[in-house]
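According to our numbering, the sequence shown is numbered sequentially starting from -5.
For reference, the structure is listed below as structure tokens.
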Amino acid sequence: MVEIRPFKAIRYTEKAGDYENLIAQPYDKIDQNMQKEYYKKSEYNYCRLTLPIEENRYEISKQRISQWMNEGILKKDEEPAIFIYRQEFRLFGKVYTRTGFIAALRLHPYEENKVLPHEITHKGPKIDRLNMLRATEKNLETGFLLYPDAEKITINLFAKTAKAQPLIDALDSLGVRNLIWRLTDPEKIKLVQEAVTDKQFVI
């Protein structure tokens, strides 16, 4: 059985400024020019944590997280939650929507076939991200997984949740609209947990 749980996220506070100046692409999509642009946008841009320009970047990220927490730029939620995440983007003149959720996922050995591994991975990036994880003791970016929902249990729940005011609504550097809602209702969280417990996930 696959086990997911709500978690207490560490999030930006209003002191950090506009989210459009804070969000960044995944670390492995950021080239040097993008990195410099993100640094110009804000002294608190997320790229400064995931891919610092400075040397000894693992230690830099660790120190920044601690500093930003002390300054009130980042704050840990008091209540655990699952986060509904929607992206809206235009492709060839048509608007598309991609919706998912962010939660804590129990790790399973590969041989259990609960979570199927990525087909090709490279040693360098794995070592890099493991070093970052060990230094910061934080998952700075999420894994991206797919799962079946033929009954549309989570799809329908997320659609209802998305009718409320989002916690975050911001355009990123590629023009993609990013929206996030917090799901804290125990019954709704239980519904998501039960909907995916017998499913197979694919990275």
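The beta-carbon is built from N, C-alpha and C at its ideal position, and this holds for glycine as well.
Among Leu68, Asn15, Leu139, which has the Cα closest to the Cα of Glu113?
Closest by alpha carbon: Leu139.
Apart from the five residues on each side of it in sequence, which residues of its chain come closer than 8 Å, Cβ to Cβ, to Thr155?
The residues are Ile78, Trp175, Leu177, Lys182.
Residue range of the unbroken alpha helix (DSSP H) whose run includes Tyr32
Run containing Tyr32: 26 to 35, per the alpha helix (DSSP H) assignment.
Could you name the residues of the same chain whose beta carbon sits closer than 7 Å to that of Glu105, not counting the 5 residues immediately before and after it, in chain order?
Cβ neighbours of Glu105 beyond the five flanking positions: none.
Is Ala3 near Asp71, with beta carbons less than 7 Å apart?
The criterion of a C-beta distance shorter than 7 Å is satisfied by Ala3 and Asp71.
Quick one, are the C-beta atoms of Met(-5) and Tyr52 less than 7 Å apart?
No, the Cβ-Cβ distance between Met(-5) and Tyr52 is not below 7 Å.
Span separating the alpha-carbon of Pro204 from that of Gly94
No answer is possible for residue 204: the residues shown for the chain start at -5 and end at 197.
Nearest-angstrom Cα distance between Asp143 and Leu85?
Each residue's CA atom was taken as its position, placing Asp143 and Leu85 some 25 Å apart.
Along the chain, where does the alpha helix (DSSP H) that runs through Asp122 open and close?
Per DSSP, Asp122 belongs to the alpha helix (DSSP H) from 117 to 130.
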